[in-house]
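Numbered as in the numbering used here, the sequence shown ends at 280 without a single skipped number.
Taking it in order: structure first as structure tokens, then the write-up.
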Amino acid sequence: MMQWLSQVDAEARLKVQTNPEALIRLFAISRFLKNAFYPADFELTDEWESAVVLSEEGRTIASELEREGVLDSVRLAAFTMLRMFAFRDVLIDIGCDMERIVTFLSRMLHSGGVRWPYVYGHTLYDKFQDTYQGNRTDFLEADHVRNLLSGTAQGVFQVGPLLSGPLGLLESADWRIVPPTLHLPLWHCSDPGCGSLHLVKAHQYQTPTEVGFLRACRHLEDRYGPESEWSGPSASICSERFASCPSDCVRQYRSLWKGFPPARFRRFLASPKTMWQFD
2 MMQWLSQVDA
12 EARLKVQTNP
22 EALIRLFAIS
32 RFLKNAFYPA
42 DFELTDEWES
52 AVVLSEEGRT
62 IASELEREGV
72 LDSVRLAAFT
82 MLRMFAFRDV
92 LIDIGCDMER
102 IVTFLSRMLH
112 SGGVRWPYVY
122 GHTLYDKFQD
132 TYQGNRTDFL
142 EADHVRNLLS
152 GTAQGVFQVG
162 PLLSGPLGLL
172 ESADWRIVPP
182 TLHLPLWHCS
192 DPGCGSLHLV
202 KAHQYQTPTE
212 VGFLRACRHL
222 EDRYGPESEW
232 SGPSASICSE
242 RFASCPSDCV
252 RQYRSLWKGF
262 PPARFRRFLA
272 SPKTMWQFD
């Protein structure tokens, strides 16, 4: 197991990679996987096992997690390592079949019931106000999240070159950092001194995939301590190529497929800065 890496150490290691852009693509995939809302009947297919290639550290950790009963299959181990992206070191090898993985992600979005919440505009906020029984909350259970997202648009987000939206995942020539989030802007409080738009954490269904991911994260933290600081350097590499804002991200999505109804993208609220950061 590699020693813990600070953000400075991780950034130095990332910049000497033979193909840092391929690694950033894997980082982008992992952020979309980590911050998606999965349906109650979500199941993995065998394709993930063959498409995901683990790094040396990833193979070591996956073997330990399977040996100790934390993860019960090679397929789940591959998906979990990709979703985590890194612990002390990067868990995924750039030899992954990224084209197939992006195809899997788009299929999950179109037909598998996987959602990224559309957090711009008033749609979720208004629906929450109309349907939630209570005054305030810090989280929503999975059934409430499913009902809230039902009938709403897929979220428009971008990490590096990967851009999500109603048509699935597209690859953009322009890189941005507008990461997907499960922290939803749903209510204002009654305190007259508070003007903040409060975020509500969307909880997941406890599917075997989700339980395995949470158990793996808990096992590694309990045994080895905190993970290295990879998210900041990965975002930094992306940000050297662009400046991002949510409206810019959505305009780019529209430019890649001009036939999509423009009304879907017309209105935006400025997102709290915390919504732009990586979970």
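Don't be surprised by glycine CBs; every beta carbon is placed ideally from N, CA and C.
Assuming residue i and residue j form a contact by the criterion Cβ under 8 Å, report the distance between their Cβ atoms to the nearest whole angstrom.
{"i": "L183", "j": "E172", "result": "Rounded, the Cβ-Cβ distance is 23 Å, inconsistent with contact."}
{"i": "W58", "j": "M3", "result": "What sits at residue 58 in the sequence shown is Glu, not Trp. Between M3 and E58 the Cβ distance is about 6 Å, and since that is below 8 Å, they are a contact."}
{"i": "A174", "j": "T81", "result": "31 Å between Cβ atoms; not a contact."}
{"i": "L185", "j": "P227", "result": "Not quite, the Cβ-Cβ distance comes to about 27 Å (not below 8 Å), so this is no contact."}
Straight-line CA distance for residue i to residue j?
{"i": "A203", "j": "F140", "result": "6 Å"}
{"i": "C246", "j": "G70", "result": "Confidence at C246 is low in this model, with a pLDDT of 48, below 50, so its placement is unreliable and no value can be given for it."}
{"i": "P209", "j": "Q134", "result": "30 Å"}
{"i": "E230", "j": "V53", "result": "23 Å"}
{"i": "F33", "j": "G196", "result": "30 Å"}
{"i": "A29", "j": "H189", "result": "31 Å"}
{"i": "L187", "j": "F214", "result": "27 Å"}
{"i": "V201", "j": "T104", "result": "30 Å"}
{"i": "L83", "j": "I93", "result": "6 Å"}
{"i": "L106", "j": "T61", "result": "26 Å"}
{"i": "L111", "j": "L168", "result": "Inspection of the sequence shows that residue 111 is occupied by His rather than by Leu. In a straight line, the C-alpha of H111 is about 8 Å away from that of L168."}
{"i": "G161", "j": "R177", "result": "5 Å"}
{"i": "T138", "j": "D131", "result": "14 Å"}
{"i": "S1", "j": "S191", "result": "As displayed, the chain neither begins before 2 nor continues past 280, which places residue 1 out of reach and without an answer."}
{"i": "T19", "j": "I25", "result": "12 Å"}
My output table needs one value for residue i: the three-state DSSP class, helix, strand or coil.
{"i": "L55", "result": "strand"}
{"i": "R116", "result": "strand"}
{"i": "L72", "result": "coil"}
{"i": "T180", "result": "The residue you asked about is not Thr; residue 180 is Pro in the sequence shown. Coil, per DSSP."}
{"i": "I102", "result": "helix"}
{"i": "A37", "result": "coil"}
If I measure Cβ to Cβ from residue i and keep anything under 8 Å in the same chain, skipping five residues before and after, which residues do I get?
{"i": "L6", "result": "R14, R89, D90, S229, E230, W231"}
{"i": "S31", "result": "L83, R84, M85, F86, I93"}
{"i": "I41", "result": "At residue 41 the sequence reads Ala, which differs from the Ile that was named. For A41, where only same-chain residues beyond five positions count, the Cβ hits under 8 Å are A143, R147, Y206, T208."}
Who are the Cβ neighbours of residue i in its own chain at under 7 Å, not counting the five residues just before and after it?
{"i": "D47", "result": "R76"}
{"i": "E1", "result": "The question about residue 1 has no answer here: the residues shown for the chain are numbered 2 through 280."}
{"i": "A78", "result": "A63, L66, E67, L72"}
In chain order, what residues of the same chain have a beta carbon less than 6 Å from the beta carbon of residue i, not counting five sequence neighbours either side?
{"i": "R116", "result": "F38, L150"}
{"i": "T124", "result": "T153"}
{"i": "W49", "result": "R76, A79, F80"}
* **Secondary structure, beta strand (DSSP E): runs of 3+ residues fully inside the segment 119-175** => 159-166
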